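A quick write-up on the structure given underneath.
Residue numbers (full-length UniProt numbering): 1 to 496.
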């Protein structure tokens with residue numbers, strides 16, 4: 001059975017309208033400037049404001065309108081089959097610290113949402129990673145054992161409450177799900193009640209670190225003692241993050257249906273399922289079909305496959321669809337801490353993989369401790385400046401991938417011409433020495449911009465589902481008029 005797909009729109013953004021915070025004056029200075037009003041940035045800002053710091057949050061768009069507003073919003077310490085691999089690679093103590101940090105994040109959201117009276121649909125749910133493939137049973141057992149040894153509430157069960165036949169599943173009891181935008185809009189309000197400032201529609205362009213950090217924006221500059229870069233992909237080119245993060249994009253379809261009782265993830269396909277209730281309407285949310293951002297793939301066809309899969313779980317009408325970046329580090333542990341080895345007052349939080357709700361919350365708790373002079377048990381594990389030999393091999397492999405994407409983009413452009421574009425279609429082509437990204441809107445208007453990403457010059461590719469220009473090298477995304485949707489690029493694609 002096929003279902004019709006709506007225009008791309010996040011369920012979370014659609015059901016949580018936000019007050020405007022644009023046009024506010026930029027102060028000359030603050031104790032801490034936080035760049036990015038997603039879950040990592042706002043958790044950090046709230047913790048620091050409670051600690052008595054003067055805090056300014058700068059957001060290029062709106063609060064929770066980026067990745068934090070385009071998630072499946074599971075608050076779980078179960079991060080696929082994480083703990084067996086983490087134990088094997090870094091040891092049981094590291095797996096234990098990682099697991100405890102995720103559980104701490106869940107409990108912090110539970111406690112703080114209750115204390116502040118933020119109604120964000122926080123509900124306790126069991127979480128499952130299952131498989132329908134009997135060859136995966138051993139992996140499931142290893143994961144259940146490793147997670148339990150790391151102190152997680154994990155066990156192996158045979159069945160899950162879904163209309164499919166499974167060979168087994170790793171269960172984590174008492175995890176949670178919520179509405180991320182309700183949560184973050186509430187948190188932003190409370191930051192302001194504590195004297196902090198949240199300013200939207202202001203884009204950070206440049207950072208000077210000495211003698212004291214100064215953030216340069218498109219509306220002026222602001223001086224700070226500490227700067228937190230919580231922009232998902234770090235926007236300042238230092239610390240080699242462009243070479244240490246792998247960027248993929250995951251798709252989500254939500255529709256009307258009877259919400260399942262838990263949260264579920266296929267161990268092989270990484271297809272996820274959870275429910276959500278908004279008012280008297282029940283939704284099923286199905287995610288998956290991930291691909292490397294900017295690769296020339298048929299995104300619309302991937303959405304259709306995901307919608308077809310959603311019917312298996314009871315979706316009868318698709319109401320929303322959306323997508324989001326996932327950033328994965330070399331060793332699959334987030335980078336949270338000092339931005340680079342030579343700095344003591346610039347901080348970063350990135351690389352949460354597909355688990356940004358717990359990862360971003362954990363980042364805020366850790367950074368609050370470090371910036372206020374304390375410590376955190378997970379700080380060394382998360383240290384962005386850590387190094388191991390396996391990671392260096394991965395770095396070389398990823399660098400080769402980026403080089404391949406760089407060359408492939410130019411090769412496609414050199415062998416293509418714009419020709420006549422039908423409404424709603426696009427093409428990257430060569431025009432003399434230039435590479436041009438051309439898109440013809442449904443109104444027949446032709447929009448042409450440079451196809452060279454303003455981050456490091458890779459050639460963008462067209463996303464035919466969301467009508468954006470996406471960069472495969474480092475994940476920047478642009479609207480068809482060239483304006484920046486997502487970094488690390490901070491400047492638009494210029495007109496062709």
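Ideal Cβ positions, reconstructed from N, Cα and C, are used throughout, including at glycine.
This one's a predicted model, so the numbers in the text were calculated from it and none came from an experiment.
Item to check | Same chain, Cβ closer than 6 Å to residue 124, five either side skipped, listed in chain order | outcome: 174, 176.
Item to check | Distance, residue 213 Cα to residue 171 Cα | outcome: The C-alpha of residue 171 lies about 45 Å from the C-alpha of residue 213.
Checklist entry - Which of helix, strand or coil does DSSP assign to residue 168? => result Residue state, collapsed to three classes: strand.
Item to check | Beta-carbon spacing of residue 505, residue 79 below 8 Å | outcome: Residue 505 is absent from the model: the chain starts at 1 and stops at 496.
Next on the checklist: I'd like to confirm the pairing. Which residues does DSSP put opposite residue 357 in its beta bridges?
Outcome noted: For residue 357, no pairing in a beta bridge is given by DSSP.
Item to check | For residue 287, three-class secondary structure by DSSP | outcome: It is a strand residue.
Checklist entry - Taking only runs of the beta strand (DSSP E) that begin and end inside the stretch 430 to 478, which ones reach a length of at least 3 residues, in chain order? => result Runs found: 434 to 440, 446 to 450, 460 to 463, 468 to 471.
Checklist entry - Which residue spans inside the stretch 32 to 111 form an unbroken alpha helix (DSSP H) run of at least 4? => result Taken in chain order, the whole alpha helix (DSSP H) runs of length 4 or more contained in the stretch 32 to 111 are 39 to 50, 82 to 90.
Next on the checklist: Here's a check: name, in chain order, each residue in its chain whose Cβ is nearer than 7 Å to the Cβ of residue 479, leaving out the five neighbours to either side.
Outcome noted: Cβ contact annotation for residue 479 (same chain, cutoff 7 Å, sequence separation greater than five): 468, 485, in chain order.
Checklist entry - Taking Cβ to Cβ, would you say residue 336 is nearer than 8 Å to residue 475? => result No. Outside cutoff.
Next on the checklist: DSSP three-state label for residue 424, please.
Outcome noted: Of the three classes helix, strand and coil, the one that applies to residue 424 here is coil, per DSSP.
Checklist entry - Does DSSP classify residue 198 as helix, strand or coil? => result Three-state DSSP puts residue 198 in a strand.
Item to check | Beta carbon proximity, residue 146 to chain D, threshold 8 Å | outcome: The structure shown contains no chain D; it holds only a single protein chain.
Item to check | Residues bridged to residue 323 [DSSP beta-bridge criterion] | outcome: Beta-bridge pairing links residue 323 to 251.
Item to check | Proximity of residue 20 and residue 200 at Cβ, strictly below 8 Å | outcome: Against a cut-off of 8 Å, the Cβ pair of residue 200 and residue 20 comes out as a contact.
Next on the checklist: Comparing C-alpha positions only, which one of 280, 189, 472 sits nearest to residue 57?
Outcome noted: For residue 57, the nearest C-alpha among the options comes from 189.
Checklist entry - What residue does the alpha helix (DSSP H) around residue 182 start on, and which one ends it? => result Boundaries of the alpha helix (DSSP H) around residue 182: 180 to 193.
Checklist entry - Who pairs with residue 347 in a beta bridge, going by DSSP? => result Residue pairing by DSSP puts residue 347 in a beta bridge opposite 228, 338.
Item to check | residue 209 - partner residues in DSSP beta bridges | outcome: Residue pairing from DSSP leaves residue 209 without any beta-bridge partner.
Checklist entry - What's the C-alpha gap between residue 282 and residue 276? => result Looking at the two C-alpha atoms, the distance is approximately 6 Å.
Checklist entry - Are there 16 or more other CB atoms within 10 angstroms of the CB of residue 317, so buried, or fewer, so exposed? => result Exposed.
Checklist entry - If residue 252 sits next to residue 322, beta carbons under 8 Å apart, how far is it from one beta carbon to the other, in whole angstroms? => result About 5 Å separates the two Cβ atoms, so the contact holds.
Item to check | N- and C-terminal bounds of the alpha helix (DSSP H) containing residue 141 | outcome: Looking at the DSSP string, the run of the alpha helix (DSSP H) that includes residue 141 is 137 to 149.
Checklist entry - Hey, would you say residue 340 sits closer than 8 Å to residue 225, going by beta carbons? => result In this structure, residue 340 sits away from residue 225, with a CB-CB distance that is not shorter than 8 Å.
Next on the checklist: Check this for me: beta carbons of residue 496 and residue 449, under 8 Å apart or not?
Outcome noted: Note that the C-beta distance between residue 496 and residue 449 is below 8 Å.
Item to check | Nearest to residue 7 (by Cα), restricted to the options 156, 15, 466, 187 | outcome: Of all alpha-carbon atoms in 156, 15, 466, 187, the one lying nearest the alpha-carbon of residue 7 is that of 466.
Checklist entry - Considering only the beta carbon of each residue, do residue 169 and residue 130 sit closer than 8 Å? => result Result yes, Cβ atoms of residue 169 and residue 130 sit closer than 8 Å.
Next on the checklist: In whole angstroms, give me the CA-to-CA distance for residue 509 and residue 203.
Outcome noted: Any question about residue 509 goes unanswered here, given that the chain covers just 1 to 496.
Item to check | Length of the line joining the Cα atoms of residue 151 and residue 311 | outcome: Roughly 36 Å between the two C-alpha positions.
Checklist entry - If we count Cβ pairs, one from each stretch, closer than 8 Å, do we get three or more for the stretch 359 to 369 versus the stretch 44 to 53? => result Taking a cut-off of 8 Å on C-beta distances, the stretch 359 to 369 touches the stretch 44 to 53, as three or more cross pairs fall below it.
Checklist entry - What did DSSP end up calling residue 161 once you bin it into helix, strand or coil? => result In the three-state DSSP reduction, residue 161 falls in the coil class, being neither helix nor strand.
Checklist entry - In this structure, what does DSSP give as the bridge partners for residue 293? => result Residue pairing by DSSP places residue 293 in no beta bridge whatsoever.
Item to check | Cβ neighbour criterion (16 or more within 10 Å) applied to residue 415 | outcome: Legend: pLDDT at residue 415 = 49, less than 50; position of this residue unreliable, value from coordinates given subsequently. Exposed, because fewer than 16 other Cβ atoms sit within 10 Å of the Cβ of residue 415.
Checklist entry - Considering residue 304, what are the terminal residues of the alpha helix (DSSP H) in which it resides? => result Its alpha helix (DSSP H) spans residues 299 to 312.
Item to check | Segment limits, beta strand (DSSP E) that includes residue 126 | outcome: It spans 123 to 131 - the beta strand (DSSP E) in which residue 126 sits, taken as one unbroken run.
Next on the checklist: Tell me the DSSP secondary structure of residue 409 in three-state form.
Outcome noted: Any answer about residue 409 is weak, because its pLDDT of 49 lies below 50 and its placement is not dependable; what the coordinates show is given next. It is helical.
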